[in-house]
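Count along the sequence shown from 1, then add 1; that gives the number in our numbering. Each residue gets a CB set at the ideal place from its N, CA and C atoms; glycine is no exception.
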Amino acid sequence: MARVLGANDRLRLGLIGGGARGQELLSQALKLPNVELVAVADVYTRRHDEVRRVAPAARAFSDHRRLLDLKDVDAVLVASPLHCHARHFLDTIAAGKDLYAEKTMTWSIPEAEACLAAAKRSDRVIQIGLQHVSTGAFADARKWVADGVVGKVTSVQSWMSRNTPRGHGQWVRPVPSDCTADNVQWDLFLDGRPARPFDAFRFINWRLFWEFSGGNITENMVHQLSWIMGVLDLPVPVAAYMSGGVFSEKDGREVPDTIAVTLDFPTDLVVTWQSTFSNSRYGLGERILGSHGTVERVSGSTDMVTGRLTSGVRYDPEKANRPDGVAVLGQSP
2 MARVLGANDR LRLGLIGGGA RGQELLSQAL KLPNVELVAV ADVYTRRHDE
52 VRRVAPAARA FSDHRRLLDL KDVDAVLVAS PLHCHARHFL DTIAAGKDLY
102 AEKTMTWSIP EAEACLAAAK RSDRVIQIGL QHVSTGAFAD ARKWVADGVV
152 GKVTSVQSWM SRNTPRGHGQ WVRPVPSDCT ADNVQWDLFL DGRPARPFDA
202 FRFINWRLFW EFSGGNITEN MVHQLSWIMG VLDLPVPVAA YMSGGVFSEK
252 DGREVPDTIA VTLDFPTDLV VTWQSTFSNS RYGLGERILG SHGTVERVSG
302 STDMVTGRLT SGVRYDPEKA NRPDGVAVLG QSP
């Protein structure tokens, strides 16, 4: 059974995955009252040192199972690389801990099915980190749809565009000098993948390789698609199509830098999503195209913790069906 917290009780956290995203989640968690970090688990010793700069008393482990053995951990934040998510999800639930796991929930569909089954059997509190659905823009857009001012929606356009100066590869992170076989538990990182010699570049830049990552589909499309599906209360799509390739970043990566996705939904709706790593003009956004109005959420930047967009969300009426309608800006915080 879950431990019932009183007003003066402390929520004792464990962190699995102490990289940049894990440290960001931790910084937000530690702003809450009565929260403390008990332990961090990461296969790279550098992350132990970085996390303990903000939580000096935290114990540090290379193997996440040692963290989960601790009786004084109530809940776990998981921000490990995608291919490890399922193992960390299942092991956390089996250990009787509550769980906040970063998106995407798992690397594969069979893993997702296993995690869903485990969640249904468990009494744990479980949340997947899709923060865009926790924003005021989400609440406003969902209300406009429910109120009927958007009308019949048959098409949604969405996109994510980024760029950096030539010669500075997209998504390519520098490899620290201490990223060596002595400081990384490489076998734990591979998590059952075929054995290979330690590769510092592949370790730091795991997002670029299919055996660890789903590319920009699982890094960014998942955020936008969760927002679209939540606003429109959509079921699972019946068909998915994708084209693209490695067109601009010729650096040995496997996942595409240019993508076009089309999703067919059984509600007579098509959702498209496009991504490029060689042009940032249109930033990130979605347009829900309805017979009575358009919902548009467009931003050049996104806060990856809160999900807030710099320009929020707006509604514009279709004069053909709402001649007296007026444009509305989202107001919810």
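Proximity of residue i and residue j at Cβ, strictly below 7 Å
| i | j | result |
| --- | --- | --- |
| Glu52 | Val41 | Per the sequence shown, the amino acid found at residue 52 is Val instead of Glu. It is a contact, given that the beta carbons lie within the stated cut-off. |
| Trp108 | Leu91 | no |
| Leu26 | Ala80 | yes |
| Arg315 | Glu287 | no |
| Thr136 | Leu270 | no |
| Arg11 | Val74 | no |
| Pro267 | Val232 | no |
| Thr295 | Asp317 | yes |
| Arg48 | Gly15 | no |
| Arg200 | Cys85 | Here residue 200 turns out to be Asp, not Arg, going by the sequence shown. Going by C-beta atoms, Asp200 is not nearer than 7 Å to Cys85. |
| Leu131 | Ser227 | yes |
| Ala56 | Leu38 | yes |
| Gly326 | Ser300 | no |
| Gly331 | Ala87 | no |
| Ile17 | His65 | yes |
Bridge partner(s) assigned by DSSP for residue i
| i | result |
| --- | --- |
| Asp99 | Ala76 |
| Met154 | In the sequence on display, residue 154 carries Val and not Met. Answer is Gly291, bridged to Val154. |
| Ile260 | Gly245 and Ser276 |
| Arg315 | Glu297 and Leu330 |
| Ser162 | Thr277 |
Local conformation of residue i per DSSP, three classes
| i | result |
| --- | --- |
| Asp304 | For Asp304, the predicted model reports a pLDDT of 47, less than 50, meaning its position is unreliable and no value from the coordinates is stated. |
| Ala42 | strand |
| Arg13 | strand |
| Arg197 | coil |
| Ala241 | strand |
| Arg125 | coil |
| Phe139 | helix |
| Glu37 | strand |
| Asp265 | strand |
| Arg60 | strand |
| Leu71 | coil |
Where residue i falls, given that 16 or more other Cβ within 10 Å makes a residue buried
| i | result |
| --- | --- |
| Val306 | In this predicted model, Val306 has a pLDDT of only 43, less than 50, meaning its place in the structure is not dependable; the value taken from the coordinates is given anyway. Exposed, because fewer than 16 other Cβ atoms sit within 10 Å of the Cβ of Val306. |
| Thr303 | Its pLDDT being 49, under 50, Thr303 is placed unreliably in this model, and the coordinates cannot settle the point. |
| Asn221 | buried |
| Leu78 | buried |
| Leu209 | buried |
| His133 | buried |
| Val157 | buried |
| Asp141 | buried |
Residue i at chain C interface by Cβ criterion, 7 Å
| i | result |
| --- | --- |
| Val77 | No chain C appears in this structure, which consists of one protein chain only. |
Problem - At least three beta-carbon pairs within less than 8 Å, the region 268-282 to the region 155-164 - result: yes
Practice task
Flag this pair as touching only if the region 249-258 and the region 209-217 have three or more C-beta atom pairs under 8 Å; answer yes or no.
Solution key: yes
Practice task
Tell me, please, whether the region 260-269 touches the region 242-251 by the rule of three or more beta-carbon pairs shorter than 8 Å.
Solution key: yes
Handout entry: the region 123-134 contacting the region 99-115, beta-carbon criterion three pairs below 8 Å
Key = yes
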